[in-house]
Amino acid sequence: MLRFTAPRVLGIGLLALAAALLISPVQAQTSGPVEVKHPTWFKDSLLDMPADLREAREAGKTGLMLFFGTRTCSYCHAFLENTFGRPEIVDRVQASFDVIGFEVMSDDEVVDFQGKTLWAKDFAVQERAQFTPTLAFYGEDGRLLLRMVGYVGPERFTAALDYLQDGAYEHQSLRAYLDAREAARAEPARPVIRDQALFGTAPVNLDRRGGDAQRPLLVVFERPDCDTCERLHRTVLTVPSVREGIGQFEAVQLDMSDADARVITPDGETLSPRDWAARLGLTHAPALVFFDVQGDEVLRTDTDLLVDAHGRPVDEVNPRITANVQARLDYVLEQGYLEQPQFQRWRAARARDGAGL
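Read in order, the letters of the sequence shown correspond to residues -28 to -1, 1 to 329 in mature numbering (1 follows the signal peptide of the UniProt record, and there is no 0).
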(Lines of atoms letter the chains of each structure in order from A and count residues from 1; the text may use other names and numbers.)
(Lines give C-alpha, C1' and ligand atoms only; values in the text may rest on other atoms or scores of the structure.)
Protein backbone atom coordinates (compact mmCIF):
# COMPACT_ATOMS: atom_id res chain seq x y z
CA MET A 1 0.00 0.00 0.00
CA LEU A 2 1.23 3.49 -0.76
CA ARG A 3 2.60 5.42 2.21
CA PHE A 4 1.95 9.18 2.21
CA THR A 5 5.27 10.17 3.78
CA ALA A 6 6.44 13.76 3.36
CA PRO A 7 9.43 13.16 1.03
CA ARG A 8 7.35 11.09 -1.37
CA VAL A 9 4.26 13.24 -1.62
CA LEU A 10 5.46 16.84 -1.86
CA GLY A 11 4.41 16.96 -5.50
CA ILE A 12 1.15 15.22 -4.68
CA GLY A 13 0.52 17.71 -1.91
CA LEU A 14 0.92 20.66 -4.28
CA LEU A 15 -1.49 19.08 -6.74
CA ALA A 16 -3.93 18.32 -3.94
CA LEU A 17 -3.71 21.96 -2.84
CA ALA A 18 -4.46 23.05 -6.37
CA ALA A 19 -7.43 20.68 -6.52
CA ALA A 20 -8.67 22.02 -3.20
CA LEU A 21 -8.90 25.50 -4.75
CA LEU A 22 -11.79 24.15 -6.81
CA ILE A 23 -13.90 23.97 -3.63
CA SER A 24 -15.93 27.07 -2.94
CA PRO A 25 -16.65 28.27 0.62
CA VAL A 26 -20.27 27.21 0.18
CA GLN A 27 -19.19 23.79 -1.02
CA ALA A 28 -16.86 23.36 1.94
CA GLN A 29 -19.73 24.13 4.28
CA THR A 30 -22.00 21.76 2.39
CA SER A 31 -19.80 18.69 2.19
CA GLY A 32 -16.55 19.52 3.98
CA PRO A 33 -13.03 18.42 3.05
CA VAL A 34 -12.18 14.75 2.81
CA GLU A 35 -8.95 12.82 3.15
CA VAL A 36 -8.86 9.36 1.69
CA LYS A 37 -7.07 6.72 3.74
CA HIS A 38 -6.79 3.15 2.57
CA PRO A 39 -8.19 0.55 4.99
CA THR A 40 -5.63 -1.30 7.06
CA TRP A 41 -6.68 -4.58 5.44
CA PHE A 42 -5.44 -3.45 2.00
CA LYS A 43 -2.30 -5.36 1.08
CA ASP A 44 1.00 -3.71 2.05
CA SER A 45 2.43 -4.14 -1.42
CA LEU A 46 5.81 -3.39 -2.99
CA LEU A 47 3.81 -2.68 -6.16
CA ASP A 48 5.22 -5.60 -8.10
CA MET A 49 2.09 -6.79 -9.88
CA PRO A 50 3.36 -10.20 -11.10
CA ALA A 51 4.60 -11.03 -7.59
CA ASP A 52 1.39 -9.81 -5.95
CA LEU A 53 -0.73 -11.77 -8.39
CA ARG A 54 1.33 -14.90 -7.84
CA GLU A 55 0.90 -14.61 -4.07
CA ALA A 56 -2.86 -14.17 -4.42
CA ARG A 57 -3.17 -17.19 -6.70
CA GLU A 58 -1.02 -19.31 -4.39
CA ALA A 59 -3.40 -18.37 -1.56
CA GLY A 60 -6.28 -19.79 -3.59
CA LYS A 61 -7.74 -16.44 -4.61
CA THR A 62 -9.01 -15.34 -8.00
CA GLY A 63 -6.45 -12.56 -8.21
CA LEU A 64 -6.06 -8.85 -7.45
CA MET A 65 -8.36 -5.89 -7.06
CA LEU A 66 -6.62 -2.56 -7.67
CA PHE A 67 -8.17 0.55 -6.13
CA PHE A 68 -7.11 3.70 -8.02
CA GLY A 69 -7.88 6.82 -6.01
CA THR A 70 -6.50 10.11 -4.83
CA ARG A 71 -6.38 11.56 -1.35
CA THR A 72 -8.90 14.39 -1.90
CA CYS A 73 -11.47 12.34 -3.85
CA SER A 74 -14.91 12.49 -2.21
CA TYR A 75 -16.22 9.58 -4.30
CA CYS A 76 -13.28 7.44 -3.15
CA HIS A 77 -14.09 8.40 0.44
CA ALA A 78 -17.75 7.51 -0.10
CA PHE A 79 -16.88 4.10 -1.53
CA LEU A 80 -14.43 3.22 1.23
CA GLU A 81 -16.75 4.40 4.00
CA ASN A 82 -20.08 3.15 2.69
CA THR A 83 -19.38 0.11 0.50
CA PHE A 84 -16.15 -1.10 2.11
CA GLY A 85 -17.60 -0.13 5.47
CA ARG A 86 -19.79 -3.24 5.34
CA PRO A 87 -18.09 -6.28 6.88
CA GLU A 88 -19.99 -8.78 4.73
CA ILE A 89 -18.69 -7.10 1.57
CA VAL A 90 -15.12 -6.89 2.86
CA ASP A 91 -15.21 -10.58 3.80
CA ARG A 92 -16.30 -11.54 0.30
CA VAL A 93 -13.64 -9.37 -1.33
CA GLN A 94 -10.84 -10.68 0.87
CA ALA A 95 -11.87 -14.26 0.20
CA SER A 96 -11.33 -13.81 -3.54
CA PHE A 97 -8.93 -10.90 -4.05
CA ASP A 98 -5.92 -9.20 -2.53
CA VAL A 99 -6.66 -5.46 -2.68
CA ILE A 100 -3.93 -2.92 -3.45
CA GLY A 101 -4.41 0.85 -3.27
CA PHE A 102 -2.88 3.28 -5.77
CA GLU A 103 -2.57 7.07 -5.68
CA VAL A 104 -3.10 8.25 -9.27
CA MET A 105 -0.75 11.24 -8.84
CA SER A 106 2.11 9.28 -7.30
CA ASP A 107 5.65 8.85 -8.64
CA ASP A 108 6.06 5.51 -6.86
CA GLU A 109 7.55 2.81 -9.06
CA VAL A 110 5.28 -0.01 -10.17
CA VAL A 111 6.07 -3.21 -12.02
CA ASP A 112 3.08 -3.85 -14.27
CA PHE A 113 1.64 -7.23 -15.23
CA GLN A 114 3.98 -7.46 -18.23
CA GLY A 115 7.05 -6.77 -16.09
CA LYS A 116 7.54 -3.16 -17.21
CA THR A 117 8.55 -0.56 -14.59
CA LEU A 118 6.73 2.77 -14.61
CA TRP A 119 5.38 5.41 -12.25
CA ALA A 120 2.10 4.79 -10.46
CA LYS A 121 0.51 7.80 -12.16
CA ASP A 122 1.40 6.38 -15.57
CA PHE A 123 0.30 2.89 -14.54
CA ALA A 124 -3.11 4.39 -13.69
CA VAL A 125 -3.38 5.86 -17.19
CA GLN A 126 -2.22 2.58 -18.74
CA GLU A 127 -4.93 0.70 -16.83
CA ARG A 128 -7.54 3.25 -17.96
CA ALA A 129 -8.16 4.74 -14.52
CA GLN A 130 -9.37 7.98 -16.10
CA PHE A 131 -11.43 8.86 -13.02
CA THR A 132 -11.22 8.07 -9.34
CA PRO A 133 -12.14 5.76 -7.91
CA THR A 134 -11.49 3.08 -10.51
CA LEU A 135 -11.78 -0.54 -9.38
CA ALA A 136 -9.96 -3.06 -11.55
CA PHE A 137 -10.10 -6.82 -10.99
CA TYR A 138 -7.40 -9.10 -12.43
CA GLY A 139 -7.25 -12.86 -12.69
CA GLU A 140 -4.71 -15.39 -13.86
CA ASP A 141 -1.83 -14.01 -15.99
CA GLY A 142 -2.97 -10.45 -15.25
CA ARG A 143 -6.14 -10.79 -17.30
CA LEU A 144 -8.56 -7.93 -16.66
CA LEU A 145 -11.85 -9.42 -15.46
CA LEU A 146 -13.80 -6.25 -14.71
CA ARG A 147 -13.26 -2.51 -14.46
CA MET A 148 -15.69 -0.24 -12.60
CA VAL A 149 -15.26 3.53 -12.69
CA GLY A 150 -16.60 5.98 -10.13
CA TYR A 151 -18.56 5.52 -6.93
CA VAL A 152 -20.11 2.06 -6.65
CA GLY A 153 -22.71 1.61 -3.93
CA PRO A 154 -23.10 -1.56 -1.84
CA GLU A 155 -25.92 -3.09 -3.89
CA ARG A 156 -24.20 -2.63 -7.25
CA PHE A 157 -20.83 -3.73 -5.89
CA THR A 158 -22.40 -6.87 -4.41
CA ALA A 159 -23.86 -7.65 -7.84
CA ALA A 160 -20.38 -7.19 -9.34
CA LEU A 161 -18.94 -9.65 -6.81
CA ASP A 162 -21.66 -12.13 -7.76
CA TYR A 163 -20.72 -11.63 -11.41
CA LEU A 164 -17.06 -12.34 -10.67
CA GLN A 165 -17.61 -15.24 -8.29
CA ASP A 166 -20.15 -16.88 -10.62
CA GLY A 167 -17.55 -16.77 -13.38
CA ALA A 168 -20.06 -14.93 -15.57
CA TYR A 169 -17.25 -12.76 -16.99
CA GLU A 170 -16.22 -15.78 -19.05
CA HIS A 171 -19.28 -15.55 -21.29
CA GLN A 172 -21.14 -12.25 -20.78
CA SER A 173 -20.68 -8.60 -19.93
CA LEU A 174 -21.64 -7.17 -16.57
CA ARG A 175 -24.44 -5.28 -18.34
CA ALA A 176 -25.94 -8.52 -19.72
CA TYR A 177 -25.58 -10.18 -16.32
CA LEU A 178 -27.41 -7.34 -14.57
CA ASP A 179 -30.12 -7.25 -17.24
CA ALA A 180 -30.79 -10.96 -16.71
CA ARG A 181 -31.12 -10.40 -12.96
CA GLU A 182 -33.56 -7.55 -13.48
CA ALA A 183 -35.68 -9.27 -16.14
CA ALA A 184 -38.23 -10.45 -13.58
CA ARG A 185 -38.98 -6.94 -12.33
CA ALA A 186 -42.49 -5.54 -12.69
CA GLU A 187 -43.30 -3.14 -15.51
CA PRO A 188 -42.00 0.37 -14.71
CA ALA A 189 -44.53 2.83 -13.35
CA ARG A 190 -42.64 6.10 -13.92
CA PRO A 191 -41.49 7.03 -17.42
CA VAL A 192 -38.23 8.76 -18.28
CA ILE A 193 -38.36 12.51 -17.62
CA ARG A 194 -38.04 14.30 -20.97
CA ASP A 195 -36.26 17.66 -21.09
CA GLN A 196 -36.90 18.71 -24.68
CA ALA A 197 -35.51 22.20 -24.14
CA LEU A 198 -32.11 20.72 -23.28
CA PHE A 199 -32.01 17.52 -25.35
CA GLY A 200 -34.37 18.02 -28.28
CA THR A 201 -36.69 15.33 -29.65
CA ALA A 202 -36.57 12.21 -31.81
CA PRO A 203 -35.76 11.10 -34.46
CA VAL A 204 -32.11 10.82 -33.52
CA ASN A 205 -29.47 10.81 -36.25
CA LEU A 206 -26.01 10.99 -34.68
CA ASP A 207 -24.06 9.85 -37.75
CA ARG A 208 -20.72 11.68 -37.78
CA ARG A 209 -18.99 9.91 -40.65
CA GLY A 210 -19.39 12.89 -42.98
CA GLY A 211 -16.97 15.01 -40.95
CA ASP A 212 -19.24 18.05 -40.91
CA ALA A 213 -20.21 18.02 -37.21
CA GLN A 214 -19.46 21.32 -35.50
CA ARG A 215 -19.97 20.35 -31.86
CA PRO A 216 -19.05 17.40 -29.65
CA LEU A 217 -21.85 14.99 -28.76
CA LEU A 218 -23.34 14.15 -25.36
CA VAL A 219 -25.71 11.20 -25.03
CA VAL A 220 -27.54 10.81 -21.72
CA PHE A 221 -28.92 7.30 -21.20
CA GLU A 222 -31.73 6.98 -18.66
CA ARG A 223 -34.36 4.38 -17.78
CA PRO A 224 -37.90 4.35 -16.35
CA ASP A 225 -38.41 4.10 -12.59
CA CYS A 226 -34.92 5.54 -12.06
CA ASP A 227 -34.61 7.50 -8.82
CA THR A 228 -31.09 8.67 -9.65
CA CYS A 229 -32.20 9.91 -13.08
CA GLU A 230 -34.98 11.91 -11.47
CA ARG A 231 -32.54 13.38 -8.94
CA LEU A 232 -30.26 14.41 -11.82
CA HIS A 233 -33.12 16.38 -13.36
CA ARG A 234 -34.08 17.95 -10.02
CA THR A 235 -30.54 18.99 -9.13
CA VAL A 236 -27.64 19.29 -11.57
CA LEU A 237 -29.72 19.82 -14.70
CA THR A 238 -31.47 22.83 -13.16
CA VAL A 239 -28.20 24.76 -12.76
CA PRO A 240 -27.90 27.50 -15.44
CA SER A 241 -24.13 27.06 -15.92
CA VAL A 242 -24.56 23.31 -16.48
CA ARG A 243 -27.40 23.86 -18.95
CA GLU A 244 -25.26 26.44 -20.75
CA GLY A 245 -22.38 23.97 -20.91
CA ILE A 246 -24.60 21.19 -22.27
CA GLY A 247 -25.91 23.68 -24.81
CA GLN A 248 -22.44 23.70 -26.42
CA PHE A 249 -22.88 20.01 -27.27
CA GLU A 250 -25.22 18.24 -29.58
CA ALA A 251 -27.08 16.68 -26.65
CA VAL A 252 -29.62 13.86 -26.79
CA GLN A 253 -31.51 11.86 -24.20
CA LEU A 254 -32.30 8.15 -24.67
CA ASP A 255 -34.26 5.52 -22.76
CA MET A 256 -31.76 2.67 -22.43
CA SER A 257 -34.62 0.17 -21.94
CA ASP A 258 -36.29 1.12 -25.25
CA ALA A 259 -36.06 -1.73 -27.77
CA ASP A 260 -38.40 -0.16 -30.35
CA ALA A 261 -36.99 3.28 -31.18
CA ARG A 262 -34.13 3.61 -33.64
CA VAL A 263 -30.96 5.68 -33.33
CA ILE A 264 -28.27 6.18 -35.95
CA THR A 265 -25.05 6.00 -33.94
CA PRO A 266 -21.95 8.14 -34.59
CA ASP A 267 -20.43 5.37 -36.72
CA GLY A 268 -23.58 5.09 -38.87
CA GLU A 269 -25.12 1.95 -37.39
CA THR A 270 -28.87 1.84 -36.73
CA LEU A 271 -29.70 0.40 -33.31
CA SER A 272 -32.34 0.63 -30.63
CA PRO A 273 -31.33 2.63 -27.55
CA ARG A 274 -31.31 -0.62 -25.57
CA ASP A 275 -28.98 -2.34 -28.00
CA TRP A 276 -26.68 0.67 -28.20
CA ALA A 277 -26.44 0.89 -24.41
CA ALA A 278 -25.63 -2.82 -24.35
CA ARG A 279 -23.03 -2.39 -27.11
CA LEU A 280 -21.41 0.36 -25.04
CA GLY A 281 -21.49 -1.87 -21.95
CA LEU A 282 -23.31 0.68 -19.80
CA THR A 283 -24.36 -0.59 -16.37
CA HIS A 284 -25.76 2.49 -14.63
CA ALA A 285 -28.55 4.97 -15.18
CA PRO A 286 -28.13 7.78 -15.82
CA ALA A 287 -25.00 7.31 -17.92
CA LEU A 288 -23.38 10.21 -19.78
CA VAL A 289 -21.33 9.32 -22.86
CA PHE A 290 -19.31 12.00 -24.66
CA PHE A 291 -18.06 11.85 -28.27
CA ASP A 292 -15.79 14.25 -30.14
CA VAL A 293 -16.75 15.89 -33.43
CA GLN A 294 -15.43 12.86 -35.35
CA GLY A 295 -17.73 10.54 -33.38
CA ASP A 296 -15.06 8.89 -31.23
CA GLU A 297 -15.95 8.29 -27.59
CA VAL A 298 -13.71 10.40 -25.36
CA LEU A 299 -15.37 10.17 -21.95
CA ARG A 300 -18.14 8.42 -20.08
CA THR A 301 -19.76 8.69 -16.68
CA ASP A 302 -21.35 5.32 -15.93
CA THR A 303 -21.72 5.70 -12.18
CA ASP A 304 -23.65 7.57 -9.50
CA LEU A 305 -22.41 11.16 -9.21
CA LEU A 306 -25.23 12.24 -6.91
CA VAL A 307 -23.80 11.07 -3.59
CA ASP A 308 -21.95 12.92 -0.85
CA ALA A 309 -18.57 11.99 0.62
CA HIS A 310 -20.27 9.38 2.82
CA GLY A 311 -22.17 7.68 0.00
CA ARG A 312 -25.52 9.25 0.91
CA PRO A 313 -27.86 10.28 -1.94
CA VAL A 314 -27.91 14.03 -2.65
CA ASP A 315 -31.35 15.42 -3.46
CA GLU A 316 -30.59 19.12 -3.77
CA VAL A 317 -28.19 21.29 -5.73
CA ASN A 318 -24.72 20.63 -4.33
CA PRO A 319 -21.80 22.94 -5.28
CA ARG A 320 -19.22 20.13 -5.21
CA ILE A 321 -21.24 17.91 -7.54
CA THR A 322 -22.13 20.81 -9.81
CA ALA A 323 -18.44 21.74 -10.10
CA ASN A 324 -17.57 18.12 -10.87
CA VAL A 325 -20.13 17.87 -13.68
CA GLN A 326 -19.12 21.27 -15.06
CA ALA A 327 -15.47 20.16 -15.08
CA ARG A 328 -16.39 17.06 -17.10
CA LEU A 329 -18.18 19.22 -19.66
CA ASP A 330 -15.15 21.53 -19.86
CA TYR A 331 -12.78 18.55 -20.12
CA VAL A 332 -14.51 17.57 -23.36
CA LEU A 333 -15.21 21.07 -24.70
CA GLU A 334 -11.57 22.11 -24.15
CA GLN A 335 -10.28 18.72 -25.38
CA GLY A 336 -8.38 18.31 -22.13
CA TYR A 337 -8.22 14.56 -22.73
CA LEU A 338 -5.69 15.18 -25.52
CA GLU A 339 -3.13 16.69 -23.15
CA GLN A 340 -3.96 14.68 -20.02
CA PRO A 341 -5.91 11.40 -20.14
CA GLN A 342 -6.34 11.30 -16.34
CA PHE A 343 -9.20 13.61 -15.36
CA GLN A 344 -8.09 14.43 -11.78
CA ARG A 345 -4.59 15.35 -12.92
CA TRP A 346 -6.03 17.59 -15.65
CA ARG A 347 -8.39 19.24 -13.18
CA ALA A 348 -5.68 19.81 -10.58
CA ALA A 349 -3.31 21.28 -13.18
CA ARG A 350 -6.09 23.54 -14.43
CA ALA A 351 -6.74 24.81 -10.91
CA ARG A 352 -3.01 25.27 -10.31
CA ASP A 353 -2.54 27.23 -13.53
CA GLY A 354 -5.60 29.34 -12.82
CA ALA A 355 -4.29 30.13 -9.33
CA GLY A 356 -0.84 31.00 -10.66
CA LEU A 357 0.83 28.21 -8.69
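All C-beta atoms in this analysis are idealised placements derived from N, C-alpha and C, irrespective of residue type, glycine included.
- Thr255 and Arg181 have their alpha carbons spaced roughly 27 Å apart.
- In the structure shown, Ile61 adopts helical secondary structure according to DSSP, grouped into three states.
- In this chain, the beta strand (DSSP E) harbouring Trp91 covers 89 to 91.
- Put simply, the backbone Cα of Gly32 is about 8 Å away from that of Ser68.
- Taken in chain order, the complete beta strand (DSSP E) segments of 3 residues or longer contained in the stretch 140 to 213 are 189 to 194.
- Taking the Cα of Pro238 as reference, the smallest distance to any Cα among Glu127, Arg322, Leu190 is reached at Leu190.
- For Met228, no alpha helix (DSSP H) encloses it, and the DSSP letter there is neither H nor E.
- Residue environment: Ser213 is assigned as exposed (fewer than 16 neighbouring CB atoms within 10 Å of its CB, all protein chains considered).
- Distances from the CA of Arg64 to each of Val304, Ala185, Thr34, Phe103 were compared; the closest alpha carbon is that of Thr34.
- Between Thr106 and the set Val97, Glu27, Gln307, Gly114, the nearest pair of CA atoms involves Val97.
- Closest in C-alpha terms to Glu60, from the list Asp20, Leu133, Asp94, Glu112, comes Leu133.
- The beta-carbon distance between Gly73 and Gly114, rounded to whole angstroms, is 18 Å. This is too long to meet the 8 Å contact definition.
- When DSSP states are grouped into helix, strand and coil, Thr294 belongs to the helix group.
- In this structure, Val192 sits near Gln225, with a CB-CB distance shorter than 8 Å.
- Residue environment analysis places Glu288 among the exposed positions, since fewer than 16 neighbouring C-beta atoms fall within 10 angstroms of its C-beta.
- Scanning its chain for C-beta atoms nearer than 8 Å, with the 5 sequence neighbours on each side dropped, one finds around Asp151 the residues Ala250, in chain order.
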